[in-house]
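In this note's numbering, the protein residues as written are 200 to 736.
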């Protein structure tokens with residue numbers, strides 16, 4: 200017995216205890232280290248990196264042009280873009296010969312660390328952003344959800360959530376009720392907090408949904424502030440009736456979700472929102488366009504001269520609803536989102552609309568719940584948390600494979616729909632969305648000849664499933680540079696919390712150009728009020 204308590208033995212036990220304590224204190228860090236990406240210095244990875252980079256010999260692609268050139272970066276900013284740049288030995292050099300050098304992706308539509316439907320999204324502002332960087336996205340815009348209707352309280356909560364960010368991000372603000380307090384808070388949000396867009400829900404009756412009267416008032420306020428109005432376009436009253444109908448028919452599984460909110464309800468709400476925005480004469484952004492019905496309404500509006508932006512999401516472009524009828528609940532439930540993934544044919548139509556410019560940019564609606572969370576609705580599809588797994592990391596690869604490899608869009612169009620147009624719409628171009636002197640050094644190197652495969656076993660999201668499981672394609676992001684730091688290289692991710700920056704977005708983007716003239720033209724066309732003379736007796 201005495202030998203088991205020798206000084207050497209005690210020292211060894213003490214070392215083990217200290218090691219265990221250290222492991223527990225960085226449990227989240229270790230999780231990410233084991234997954235293959237560094238978490239600052241707790242994985243033995245220095246959080247510092249060379250402040251000078253040279254990307255040599257690649258084809259530099261912007262939204263409207265491409266050229267073979269070098270890109271020189273210093274202190275997080277692109278300093279020069281031209282051929283044959285000479286540098287000293289203190290510069291890290293990356294060879295991009297035969298590859299495309301592009302602006303990092305900007306995802307306009309994410310939901311990280313969001314409380315929703317009795318649960319919360321599984322990816323927070325660290326894990327979600329880490330996954331994004333591994334897939335070539337270097338900025339995203341997340342939706343702030345108000346707290347008890349208060350915009351400022353909601354923003355305060357999201358400011359705390361985002362402290363662990365590892366890449367740049369911005370915010371949209373959701374509006375879930377309407378009164379004078381909300382109207383005044385909108386002014387503060389735009390003028391002092393750097394948010395230039397507000398989202399309105401035409402669905403989710405009894406929680407987020409607002410009616411047409413309030414939508415009109417909100418649209419008018421957006422216009423006065425130079426803020427972009429965004430809508431989730433589904434007829435909430437009809438969806439509620441559709442849900443009741445499915446339950447009455449005994450359809451309680453995931454297929455009931457899609458059956459209760461068919462494309463016609465998305466099309467109707469899209470048309471209504473467009474007409475109301477046109478009546479107010481303010482630009483409109485329709486999020487997650489999932490159906491031919493909604494897309495055709497956007498096409499019709501744009502042809503008539505209305506300023507309407509249509510955003511498809513990756514799941515709507517490349518998936519169909521057949522999985523919702525899978526006999527395994529967990530398999531089917533992971534495809535539940537709103538609006539639903541549609542039947543085969545809708546995705547192809549959305550791809551064509553994207554290629555023709557009817558739809559302008561691609562988001563993800565990354566709103567991820569794991570299998571346990573999805574099982575909350577095992578007896579009632581209305582209780583399945585809405586949101587799909589696996590988008591924020593996969594978007595850049597899937598858009599390339601689906602749209603560029605197939606010849607549907609050009610390489611420059613790829614940059615436009617994944618980065619530049621988002622930067623323009625939300626007024627952060629050319630700081631973001633461009634490879635040019637003075638822009639932020641958010642850059643990817645994409646190898647068109649390299650292949651990728653998607654799997655929940657290898658993705659960087661915390662989700663235990665992936666709706667794109669097994670997808671194989673061409674065109675792989677081999678290097679991601681965020682703020683001048685190489686964060687993704689050789690399939691290794693080197694990121695640390697707190698390194699991301701909040702990007703303020705100013706109001707009155709290019710979408711508001713000409714609004715004043717259009718108002719003046721409208722007023723002059725009225726020929727009213729008419730001056731009338733009263734007859735004298």
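Positions of the beta carbon are idealized from the N, C-alpha and C atoms, including for glycine. Bear in mind the structure is a predicted one, so any value in this text is a computation, not a measurement.
Beta-carbon spacing of residue i, residue j below 8 Å
i	j	result
residue 302	residue 554	no
residue 460	residue 521	no
residue 334	residue 592	yes
residue 663	residue 570	yes
residue 679	residue 687	yes
residue 718	residue 276	no
residue 487	residue 327	no
residue 562	residue 367	no
residue 622	residue 613	no
residue 625	residue 340	yes
residue 507	residue 418	no
residue 396	residue 426	yes
residue 588	residue 666	yes
residue 416	residue 581	no
residue 388	residue 400	no
residue 325	residue 365	yes
residue 702	residue 369	yes
residue 648	residue 677	no
Beta-carbon separation (whole angstroms), residue i vs residue j, contact threshold 8 Å
i	j	result
residue 494	residue 548	6 Å
residue 489	residue 541	6 Å
residue 473	residue 483	6 Å
residue 600	residue 515	Contact flag wrong, Cβ pair sits at about 16 Å.
residue 295	residue 255	6 Å
residue 350	residue 456	That pair is no contact at about 30 Å.
residue 658	residue 329	That pair is no contact at about 11 Å.
residue 320	residue 567	5 Å
residue 323	residue 362	10 Å between Cβ atoms; not a contact.
residue 411	residue 475	7 Å
residue 373	residue 394	The Cβ separation is near 11 Å, so there is no contact.
residue 532	residue 573	4 Å
residue 293	residue 643	Not confirmed; about 11 Å, so no contact.
Rounded C-alpha distance that separates residue i from residue j
i	j	result
residue 607	residue 371	30 Å
residue 431	residue 280	40 Å
residue 413	residue 560	28 Å
residue 469	residue 697	38 Å
residue 452	residue 550	29 Å
residue 309	residue 728	47 Å
residue 267	residue 306	26 Å
residue 270	residue 311	32 Å
residue 518	residue 543	8 Å
residue 265	residue 634	10 Å
residue 674	residue 656	20 Å
residue 337	residue 632	10 Å
residue 723	residue 525	59 Å
residue 720	residue 496	25 Å
residue 731	residue 715	29 Å
residue 700	residue 273	17 Å
residue 404	residue 616	32 Å
residue 725	residue 529	58 Å
residue 288	residue 690	26 Å
residue 347	residue 428	21 Å
residue 578	residue 446	11 Å
residue 583	residue 653	24 Å
residue 440	residue 402	12 Å
residue 733	residue 433	50 Å
residue 597	residue 378	42 Å
Below-8 Å beta-carbon distance, residue i vs any chain D residue
i	result
residue 566	The structure shown has no chain D; it contains just one protein chain.
Delimiting residues of the beta strand (DSSP E) encompassing residue i
i	result
residue 499	Segment 491-502 is the alpha helix (DSSP H) holding residue 499; no beta strand (DSSP E) there.
residue 568	It is not in any beta strand (DSSP E) - residue 568 carries neither H nor E in the DSSP assignment.
residue 429	427-431
residue 294	291-294
residue 353	That residue, residue 353, is in no beta strand (DSSP E); its alpha helix (DSSP H) goes 350-360.
residue 281	276-281
residue 552	Residue 552 -> not in any beta strand (DSSP E); alpha helix (DSSP H) instead, spanning 545-555.
residue 146	The question about residue 146 has no answer here: the residues shown for the chain are numbered 200 through 736.
Unbroken alpha helix (DSSP H) run spanning residue i, endpoints
i	result
residue 406	No alpha helix (DSSP H) contains residue 406, which DSSP labels as neither H nor E.
residue 385	379-392
residue 444	435-447
residue 612	610-614
residue 327	326-333
residue 411	411-424
Contained alpha helix (DSSP H) runs [length at least 4] in the region 620-654, N- to C-terminal order: Restricting attention to alpha helix (DSSP H) runs no shorter than 4 residues, the region 620-654 encloses them at 620-624, ordered along the chain.
Length at least 4, wholly inside the region 455-535: the alpha helix (DSSP H) runs in chain order: Qualifying alpha helix (DSSP H) stretches, in chain order: 462-479, 491-502, 513-517, 528-532.
Length at least 3, wholly inside the region 656-697: the beta strand (DSSP E) runs in chain order: Counting whole runs of 3 or more residues, the region 656-697 contains the beta strand (DSSP E) stretches 671-681, 684-688, 691-694.
Within the region 297-329, ranges of the alpha helix (DSSP H) (whole runs, at least 4 residues): The DSSP assignment places no complete run of the alpha helix (DSSP H) inside the region 297-329 (cut-off: 4 residues).
4-residue-minimum alpha helix (DSSP H) runs that sit fully inside the region 577-606, ordered along the chain: Inside the region 577-606, DSSP marks whole alpha helix (DSSP H) runs of 4 or more residues at positions 594-598, from first to last along the chain.
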